[in-house]
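Okay, so the sequence shown: first residue is 1 according to the working numbering, each after it adds one.
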Amino acid sequence: MAIAVAIIALTLGLAEGPTRGWTSAGVLLLIAVGVAAGIVAFATERRATSPLVPAALFRDRGYLTGTAAITISYASAGATVFAIPIVLFMGDGMNPIATGAIMLSYGVWWLVLPPFTGRLADRVSPTGMLVAGFAFGLVGCLLASVVPSLQGILGACLSLALLGIGMAFVVPTANRIAMLNIDASLRGEASGVNMTSRLLGDLLGIAIVGTLIASSLGQRIPNVGESIDVGSLATGLQAIWTPVGVLMALGLVVSAWGSRGSRPQPS
């Protein structure tokens, strides 16, 4: 019960924060309830003879690496899919069809590549695949941030494509790494934690980038039908590339940590 309350309260708090403001009473109450319920759930799980989430899961380096990579990748996805349309459609005045077409340069890779990258992960180093994926994403963010000629629509498409390719490397590989050494009796619980980490990662990414956009532009995230003054397209996009780039760098650190405990697996 405490776990459910924690997840629901934190989910609502993170979802409402960028639009209602992080200092609003409702958002603060939801986050406080979520944190308190999480503490209660953690204490209860530690004492339980048959815990909902066995502690043995988190003693496996591969599972920790894979779950962390999944959380980071979905945080970057949430930030990207949430914020780019806001800047293009509500800020730059781009029409919905053009906005959607630009977003295809990101989403199409999630659809096309995973069947191939998943099989490739069975033949090469899985942690190497994670490193490659996060490196693709980081390069995309850096190009759009530091190359002046790529700070417009062309740069956005290129960066989104590199991010999409990178995450198509990361997600199937992270799932494989997470579940590789998990005992069959614990795979149900392990899968449940992974699914929850995707949801929380997605919401965390939205919360982070929404807050940064609001603070950098000095205004809250708009509701549907409203507009937002981004000053310039480059300014609005920079508020997205920076946090997503930090997430990619964090993913590289997690991948490097995971590689220290990896072992070659038979193909």
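From the three backbone atoms N, C-alpha and C, an ideal C-beta is built for every residue, glycine too.
These numbers come from a predicted model, not from an experiment.
Does the Cβ of residue i have 16 or more other Cβ atoms within 10 Å, making it buried, or fewer, making it exposed?
i    : result
G192 : exposed
G13  : buried
D202 : buried
L52  : exposed
M1   : exposed
A25  : exposed
V124 : exposed
V147 : exposed
P96  : exposed
F134 : buried
A190 : buried
A55  : exposed
V254 : buried
A48  : exposed
A43  : exposed
Could you compute how far the alpha carbon of residue i sits from the alpha carbon of residue j?
i    : j    : result
C141 : L88  : 17 Å
A37  : T71  : 21 Å
L57  : N194 : 11 Å
V230 : A69  : In this predicted model, V230 has a pLDDT of only 49, less than 50, meaning its place in the structure is not dependable enough to derive any value.
F136 : M179 : 24 Å
E45  : A98  : 49 Å
L113 : S73  : 15 Å
V81  : G107 : 9 Å
A4   : T196 : 11 Å
G188 : T23  : 38 Å
Q238 : A79  : 13 Å
T11  : A75  : 13 Å
Y63  : F169 : 17 Å
I84  : D122 : 33 Å
A271 : L204 : Here the chain comprises residues numbered 1 to 267, so residue 271 is not present and cannot be evaluated.
G21  : M167 : 30 Å
G17  : L252 : 28 Å
W109 : A256 : 24 Å
G152 : I165 : 20 Å
L29  : A15  : 13 Å
N181 : L200 : 24 Å
Please determine, among the options, the residue with the shortest C-alpha to C-alpha distance to residue i.
i    : options               : result
A156 : D60, L104, V171       : L104
I39  : A249, A6, R59, E16    : A6
A174 : I97, L138, L130       : L130
R154 : S185, I102, S73       : First, the residue type needs correcting, since residue 154 is Leu and not Arg in the sequence shown. Comparing Cα-Cα distances from L154 to each of S185, I102, S73, the minimum goes to I102.
A144 : G251, I8, T44, P243   : P243
L212 : S197, F42, A190, W241 : W241
R314 : E16, N95, T67         : Lying outside 1 to 267, the shown extent of the chain, residue 314 is not represented and no answer is given.
L111 : T127, V171, A256      : V171
S50  : S185, Y63, G21, V146  : S185
V33  : V254, R59, I8, A83    : I8
D60  : A256, E16, I177       : I177
W259 : L28, L30, G128        : With the sequence shown as reference, residue 259 is identified as Ser, and Trp is not the correct amino acid for it. Cα-wise, what sits closest to S259 is G128.
P126 : V35, T65, V27         : T65
Inter-stretch contact (C-beta, 8 Å, three-pair minimum) for the stretch 197–215 and the stretch 156–168: No, the stretch 197–215 does not touch the stretch 156–168.
The stretch 103–120 touching the stretch 245–260, judged by at least three CB pairs closer than 8 Å: Under the 8 Å Cβ criterion, the stretch 103–120 does not count as touching the stretch 245–260, having fewer than three qualifying pairs.
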